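In what follows, a single structure is set out as structure tokens and then discussed.
In the numbering used here, the protein residues as written are 3 to 92.
What follows is the structure, encoded as structure tokens:
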């Protein structure tokens, strides 16, 4: 894709339309969620799904499977141990 600008109007609700060629290149389809950030006065739009896919499977499943309350307890204990090792942020 070229870096030439595309133009779109802002609706009364603050909505804009991403040009079709940009949606195709980014793999954005109807009903997809996007992550929107403002960096140095520039709006960046990226597919949120790709960010999630990049992290999928990065944490192995618990074995044996646990109830959600047990998972929350394990996560809280792990976070407390990490904070104890690293110290609290300033």
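All C-beta atoms in this analysis are idealised placements derived from N, C-alpha and C, irrespective of residue type, glycine included.
Predicted model only: the values in this text are computed from it and were never measured.
Exercise. Pull up the distance between the alpha-carbon of residue 27 and that of residue 5, whole angstroms please.
Key: 13 Å
Quiz item: Near residue 50, what residues of its chain come up, given a Cβ to Cβ distance below 6 Å and the 5 sequence neighbours on each side ignored?
Solution: 35, 36 and 37
Quiz item: Mapping DSSP to helix, strand and coil, what is residue 18?
Solution: In the structure shown, residue 18 sits in coil (DSSP, three-state: anything other than H, G, I, E or B).
Quiz item: Which residue comes first and which comes last in the beta strand (DSSP E) that contains residue 76?
Solution: Looking at the DSSP string, residue 76 is not in any beta strand (DSSP E); the run it does join, the alpha helix (DSSP H), is 70-88.
Quiz item: Whose CA, out of 69, 22 and 41, lies closest to the CA of residue 32?
Solution: The shortest Cα separation from residue 32 among 69, 22 and 41 belongs to 22.
Exercise. For residue 76, count neighbouring C-beta atoms within 10 Å of its own C-beta (all shown protein chains included) and say buried if the count is 16 or more, exposed if not.
Key: exposed
Self-check item: Proximal residues to residue 30 (C-beta, below 6 Å), its chain only, five neighbours per side dropped
Solution: Residues 49 of the same chain have their beta carbon placed closer than 6 Å to that of residue 30, with the five preceding and five following residues left out of the count.
Quiz prompt | residue 47 and residue 64 closer than 9 Å at C-beta | solution = no
Quiz prompt | residue 49 - containing beta strand (DSSP E), residue span | solution = Run containing residue 49: 44-49, per the beta strand (DSSP E) assignment.
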